[in-house]
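J.: Quick one: the structure is below, questions incoming.
Have a look at this one:
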């Protein structure tokens with residue numbers, strides 16, 4: 001068995017994996033947002049609890065971003081890497097625009 005063959009098979013699965021990565025990242029971003037505002041888990045009642053909830057969600061978000069980017073880079077899956085980084089960076093911006101536009105409309 002050749003060493004080149006498994007890496008070639010991994011590269012072929014980049015397209016379907018990228019789609020799954022995007023769906024997973026969107027789910028993670030949504031869950032972290034809901035957890036940080038208290039919809040999932042306990043609702044923060046004081047300013048300190050609210051700050052702690054946002055900080056822990058931020059740590060999880062950046063950890064997910066870093067581990068995912070590192071994993072896809074090591075596995076040599078450029079489509080999945082690009083999908084992961086772009087989804088993780090653009091989804092909070094899109095969510096903010098959606099929330100602001102729905103609040104104004």
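In the numbering used here, the protein residues as written are 1 to 105.
Using N, Cα and C, we set each Cβ at its ideal position, and we do this for glycine too.
The structure displayed is predicted, hence computed values, not measured ones.
(1) Would you mind giving the Cβ-Cβ distance between residue 61 and residue 81, rounded to the nearest angstrom? I have them listed as a contact below 8 Å.
(2) Could you give the residue range of the alpha helix (DSSP H) that holds residue 46?
(3) Hey, how far is the Cα of residue 17 from the Cα of residue 47?
(4) Whole-angstrom Cβ separation of residue 101 and residue 29, contact assumed at under 8 Å?
(5) In this structure, how does DSSP classify residue 38 when only helix, strand and coil are distinguished?
T.: Reading from the atomic positions:
(1) Here residue 61 refers to the residue found at position 61 when the chain shown is read from its first residue. Here residue 81 refers to the residue found at position 81 when the chain shown is read from its first residue. About 17 Å separates the two Cβ atoms, so there is no contact after all.
(2) Here residue 46 refers to the residue found at position 46 when the chain shown is read from its first residue. No alpha helix (DSSP H) holds residue 46; DSSP gives it neither H nor E.
(3) As a working note, residue 17 is residue 17 in the chain shown. As a working note, residue 47 is residue 47 in the chain shown. Rounded to the nearest angstrom, the two C-alpha atoms are 40 Å apart.
(4) Counting from 1 along the chain shown, the entry for residue 101 is found at position 101. Counting from 1 along the chain shown, the entry for residue 29 is found at position 29. The Cβ separation is near 18 Å, so there is no contact.
(5) Taking the chain shown and counting its residues from 1, the one referred to as residue 38 is at position 38. DSSP places residue 38 in coil when its eight states are reduced to three.
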